[in-house]
Ligand SMILES: [Fe+2]
Ligand SMILES: [Fe+2]
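In my numbering, the protein residues as written are 1 to 245.
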């Protein structure tokens, strides 16, 4: 695609999935901030449209098929993928990182006061994400799956208690912003997850885990904000259009 400062970040990653890696490395927000223009996103990340264009050219532009697959695969397949790959990962990571963060803070916290803040931020994002994923798994995803099933069968669907699917989607997007913000603060407090020279193996492992947690969260939120949610909104509009005709 032709890149300009006005291009929407989410459109760029959908057209060119390799851009995710470039954005990730440059600190450009492509998931929560996917709706922003490239110009604004670059400004917020302290980089430029020219620099991003240069890096994108260097990747060679051979797109992976994954996002292309999710823009057309059944929504039920996408919600299952998100549950198994990303929700599963978040739960496992919380189980590993929570005790590790406590251990590293107890051992090095006196000399590295930022460890207390990092542990606090992690506990907060862990708590928020656990509740968030539960809402998706119990309310939003089953409704999207039921909509798709009804649409295919040409059947109608009882109106949900939340009115329109826009409501839980907007709530989930606000929660993505909050989680994204906590992770940004963790990155800042840890100096970009670079363990100090006197950091032991546990310290290094903690930062490695936090870095992976951030990367997975970006990919997870990208799949929801930029692919699943817009497709669910389109499906609801199509169903309303059909029942109104
Ligand atoms: Fe999710
Ligand atoms: Fe989510």
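Beta carbons: idealized from backbone N, C-alpha and C, even for Gly.
- Item | beta strand (DSSP E) runs contained entirely in the region 49 to 103, provided each spans 3 or more residues | none
- Taking one C-beta from the region 145 to 154 and one from the region 208 to 224 each time, how about it: are there three or more such pairs within less than 8 Å? Fewer than three beta-carbon pairs drawn from the region 145 to 154 and the region 208 to 224 are found closer than 8 Å, and the two stretches are therefore not classed as touching.
- Query: Per DSSP, what kind of secondary structure is residue 10 in: helix, strand or coil?
  - Reply: helix
- C-beta atoms of residue 25 and residue 54 nearer than 9 Å: no
- Candidates 186, 27 and 233: which alpha carbon is nearest residue 116's? Considering only alpha carbons, the answer is 186.
- Going by other Cβ atoms of all chains shown within 10 Å of its Cβ, with 16 needed for buried, is residue 79 buried or exposed? buried
- Query: Regarding residue 133 and ligand 1, is the C-beta to nearest heavy atom distance less than 8 Å?
  - Reply: yes
- Message: Just to confirm the assignment, what range does the alpha helix (DSSP H) spanning residue 132 have?
- Response: In the DSSP annotation of this structure, the continuous segment of the alpha helix (DSSP H) that includes residue 132 starts and ends at 114 to 135.
- Message: Would you call the region 204 to 218 in contact with the region 84 to 103, where contact means no fewer than 3 C-beta pairs closer than 8 Å?
- Response: yes
- With residue 142 as the anchor, note down where its alpha helix (DSSP H) starts and where it stops. Run containing residue 142: 141 to 153, per the alpha helix (DSSP H) assignment.
- Task: May I ask you to verify whether the region 119 to 128 touches the region 167 to 181, counting CB pairs closer than 8 Å and requiring at least 3?
- Result: yes
- Task: For residue 75, count neighbouring C-beta atoms within 10 Å of its own C-beta (all shown protein chains included) and say buried if the count is 16 or more, exposed if not.
- Result: buried
- Query: Does the Cβ-Cβ distance between residue 6 and residue 38 come in under 9 Å?
  - Reply: Result yes, Cβ atoms of residue 6 and residue 38 sit closer than 9 Å.
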